[in-house]
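Be aware that the sequence shown starts at 4, since it is given in our numbering, and climbs by one per residue. We put the beta carbon where it would ideally sit given N, CA and C, even for glycine. Keep in mind the model is a prediction, meaning the values are calculated, not measured. Here's the structure, in structure tokens; my notes come after.
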Amino acid sequence: MNLDFDPGSPVPPYEQVRSSLARQINDRTLPVGAKLPTVRQLAADLGIAPNTIARAYRELEEAGLIETRGRAGSFVGASGDQNRRRAQEAAAEYAAVVRKLGLSQGEALSIVSAALDGGKAAVPAATRFTPRPAQ
Numbered sequence: 004m005n006l007d008f009d010p011g012s013p014v015p016p017y018e019q020v021r022s023s024l025a026r027q028i029n030d031r032t033l034p035v036g037a038k039l040p041t042v043r044q045l046a047a048d049l050g051i052a053p054n055t056i057a058r059a060y061r062e063l064e065e066a067g068l069i070e071t072r073g074r075a076g077s078f079v080g081a082s083g084d085q086n087r088r089r090a091q092e093a094a095a096e097y098a099a100v101v102r103k104l105g106l107s108q109g110e111a112l113s114i115v116s117a118a119l120d121g122g123k124a125a126v127p128a129a130t131r132f133t134p135r136p137a138q
């Protein structure tokens, strides 16, 4: 397993570990059922504190991407595939709503981008919804 980790990065170490593992799970580089290194082993490999790895694993478990089975260790969970399916279903529902509202693809994507940024990025005025006249 190869993690993207840069000790000099401004991104917190737990977030680098979490996002790197999440990316590998989601792109299926790490398949369902793959055993992850122990917290202590990964911490030693990366030269960071075990609590940092434990936090990343906890967040991955809360997201349903990994499962911890006590002394047996941590494994890539099957619910990652279920999460992807749920996201695809939500996207299809959103697309249907957007079409009903008459928004353009650009408007819809701007709204999604703003939502993914935690609402921090406002939707530019040019892409805000403007009702179209009834036909």
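Residue i - DSSP class collapsed to helix/strand/coil
i    : result
S77  : strand
T41  : coil
A52  : coil
V100 : helix
P13  : coil
G109 : helix
N29  : helix
N5   : coil
Cβ pair residue i, residue j closer than 8 Å
i   : j   : result
G80 : E70 : yes
A52 : A46 : yes
Y97 : T55 : no
L33 : L6  : no
A57 : V42 : yes
Beta-bridge partners of residue i, as assigned by DSSP
i   : result
I69 : V79
Residue nearest to residue i in terms of C-alpha spacing, selected from the options
i   : options              : result
L24 : A94, L68, L49        : L68
R74 : G50, P40, A52, V100  : P40
L63 : L106, A90, Q19       : Q19
Q44 : S77, S22, V101, S116 : S77
A37 : G11, R72, V14, Q108  : R72
L87 : R26, P10, D9, P13    : The question names Leu, but residue 87 in the sequence shown is Arg. Residue R26 is the option with its Cα nearest to R87.
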